[in-house]
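Quick note, the sequences are listed as chains S and Y, same order. With the working numbering, letter number 115 in the first sequence gets 115, and the count goes up by one each step, no holes. Count along the second sequence starting at 1, add 219, and that's the number in the working numbering. Every residue gets a Cβ at the ideal spot worked out from N, C-alpha and C, and that includes glycine.
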Amino acid sequence: MIPHGLAVLWEQRDAVLAGFLTTLGIAAVSAVCAALLGLMLFALLISRVRAVAFALAWLIDLMRCVPFMLFCYLIYYGLPSFGIVIDNLPAGIIALTVYNAAYIAELLRGGFAALPRDGIEAGHAFGFHGWRLLLRIILPPVLLSSIPMLGNQMVQIIKDSAFLVIIAVQELTFAANEIQATYYVPFASFVCAMLLYWLMCLAVESGVRAVLRMAEARR
Amino acid sequence: MGTGDYLALAAGALNTIAISLLAIAIGTPLGLGLALIRWARLRGFDTLVAAVVSLLRATPSVTLVLLVYFALPTLGVEVPRFTAGVATLALGSMAYNCEIWRGALLAFPTDQLDAARAFGMPASLRFRLIVLPQILRAALPALVNEMTLLIKVSPAVAVIGVVETTRAAVRIGAATYSPIPPFLVALAIYVAVIGCFVATQRVLERRRDHGLAA
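Shown next as structure tokens:
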């Protein structure tokens, strides 16, 4: 049974590879966009405009109670109610980006809250305000202390991307499911997908360790 | 949305709650078991458990539930959808909880155990009376956090046809051609369920801190 499954998988290696690359691409694009959007939300969260910061904190708390799959459906099936029709792939990337940006903004805020205030006060004294204060004084230590958490979020994005199978994005789990349905080799195809997800997550983990080592060396 | 739709969503909510609670009840003690295997440094098992936990933590629930539901019958085990869903979420919960318990065990001061051993207390009693109450307190916030994460991935079981909250909402949306109202009700259900867990955690933590002060 297992040799047969492996033989089928080897024949279908192009489909598996295509799914794997799609998952990689979706995760990479979503991660970059979510990081940028998360940074912007973080800037608003710690801004002096209290009303905006308060409303945003409330929205982020709400987002952290929503299952990703429900959010994904909301974007794909809900947006057409407002006249916005998008394809499944961009809808999936938008869902991953917005959902994870909320988590990233929150984890950066956590890193910021744990930071001693004197650096910022010194920055004020040296005439740093607004964007320059954020980029030069606040962000470097916040990002540095958030590296492990950001790595966890990256793993979360990779895992969440499998949910896109429900809106028929042809990623890794979709490819494994197609092969399983056509050739009836569920064990081999899903275990293969799991191993590929594992590979991606291990790569992220070792990337995080490498960045931490570099940060430590440069201190 | 009519009354029937609200009832369907309520039934979905009950399914979400039942699946999540069962998975938590199974996954939490299994995670403790795995953590104890690693804590005991059993040669061979230690590495095996670490590898399995790492693999499970990297596996999306959707992929895992498809594997459990479609692959078990090829081994001759027919599983109902509901059982496959619970098993999947319990496996994920086990892997995450293993790391939480392990963290608590690693932070546990061993001098207490040495003292108990010196008085001749047997291992099972040492664990039950000395280790467990303390690691439970230490791990509680992380365990509850993990429970809320489990509820958030629980819609994954919908891909094998279990009708829980999210799938019920999608069905109503497809039938009525207006997906937003059922999605908002589903959202309210998740906020309420997750909110209950967080509130329980707050109460338990307050009682714990109170008990320590007394």
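Q. When the cut-off is 8 Å and only beta carbons count, does Y/Leu286 lie next to chain S?
A. For Y/Leu286, at least one C-beta of chain S is nearer than 8 Å to its own C-beta.
**Q.** the stretch 277-285 of chain Y contacting the stretch 160-174 of chain S, beta-carbon criterion three pairs below 8 Å
**A.** With the cut-off at 8 Å, the stretch 277-285 of chain Y and the stretch 160-174 of chain S touch.
Q: Consult DSSP for S/Val204 and reduce its assignment to one of helix, strand or coil.
A: S/Val204 falls in the helix class under three-state DSSP.
Q | Contacts of Y/Leu274 in chain S (Cβ-Cβ under 7 Å) | A | Those are Met194, Trp198, listed as they occur along chain S.
Q. If you drop the 5 nearest sequence neighbours on each side, which residues of the same chain put their C-beta closer than 6 Å to that of S/Leu23?
A. Correcting the residue type first, residue 23 of chain S is Thr in the shown sequence and not Leu. Closer than 6 Å at the Cβ level, and outside the excluded window around S/Thr23, lie Ser161, Glu171, Leu172.
**Q.** Spatial neighbours of S/Gly221 in its chain, beta-carbon cut-off 8 Å, leaving aside the 5 residues before and after
**A.** The structure shown does not extend to residue 221 of chain S, since chain S is modelled only from 1 to 219, so the question has no answer here.
Q | Interface residues of the stretch 69-81 of chain S facing chain Y [CB-CB below 8 Å] | A | Closer than 8 Å at the C-beta level to chain Y, one finds these residues of the stretch 69-81 of chain S: Met69, Leu70, Tyr73, Leu74, Tyr77, Gly78, Ser81.
**Q.** Any C-beta of chain Y under 8 Å from that of S/Thr182
**A.** By the rule that beta-carbons nearer than 8 Å mark a contact, S/Thr182 does not touch chain Y.
Q | Y/Tyr315 and Y/Ala303 closer than 8 Å at C-beta | A | Cβ distance not < 8 Å, so Y/Tyr315 and Y/Ala303 don't count as in contact.
Q: Could you please tell me which residues of the stretch 404-432 of chain Y, in chain order, have their CB closer than 8 Å to any CB of chain S?
A: Residues of the stretch 404-432 of chain Y with a C-beta less than 8 Å from any C-beta of chain S: Ala405, Leu406, Tyr409, Val410, Ile413, Gly414, listed in chain order.
Q: Compare the C-alpha of Y/Leu403 against each of S/Leu62, S/Pro116, S/Phe128 and name the closest.
A: The option with the nearest alpha carbon to Y/Leu403 is S/Leu62.
Q) Closest Cβ-Cβ distance between Y/Pro279 and chain B: below 8 Å? A) Annotation note: the requested chain B is absent from the structure, which comprises protein chains S and Y.
Q.
Can you list, in chain order, the residues of its chain with a C-beta nearer than 8 Å to that of S/Ile2? Leave out the 5 residues immediately preceding and following it.
A. Excluding its 5 nearest sequence neighbours in each direction, S/Ile2 has C-beta neighbours in its own chain below 8 Å: Phe187, Ala188, listed in chain order.
**Q.** Straight-line Cα distance separating Y/His429 from S/Ser81
**A.** Near 51 Å, if we compare the C-alpha coordinates of Y/His429 and S/Ser81.
Q. Are the C-beta of Y/Ser397 and some C-beta of chain S separated by less than 8 Å?
A. Interface residue (Cβ-Cβ distance to chain S less than 8 Å): Y/Ser397 is classified as such.
Q.
Give me the residue from Y/Tyr225, Y/Ile238, Y/Phe416 with the minimum Cα distance to Y/Leu362.
A. Looking at the Cα atoms, Y/Phe416 is the closest of the given residues.
Q | Interface residues of the stretch 349-381 of chain Y facing chain S [CB-CB below 9 Å] | A | Of all residues in the stretch 349-381 of chain Y, the ones placed with a Cβ closer than 9 Å to any Cβ belonging to chain S are Thr367, Ile370, Lys371, Val372, Ser373, Pro374, Ala375, Ala377, Val378, in chain order.
Q. Taking Cβ positions only, does Y/Ala290 come closer than 8 Å to chain S?
A. True, the Cβ-Cβ gap to chain S drops below 8 Å.
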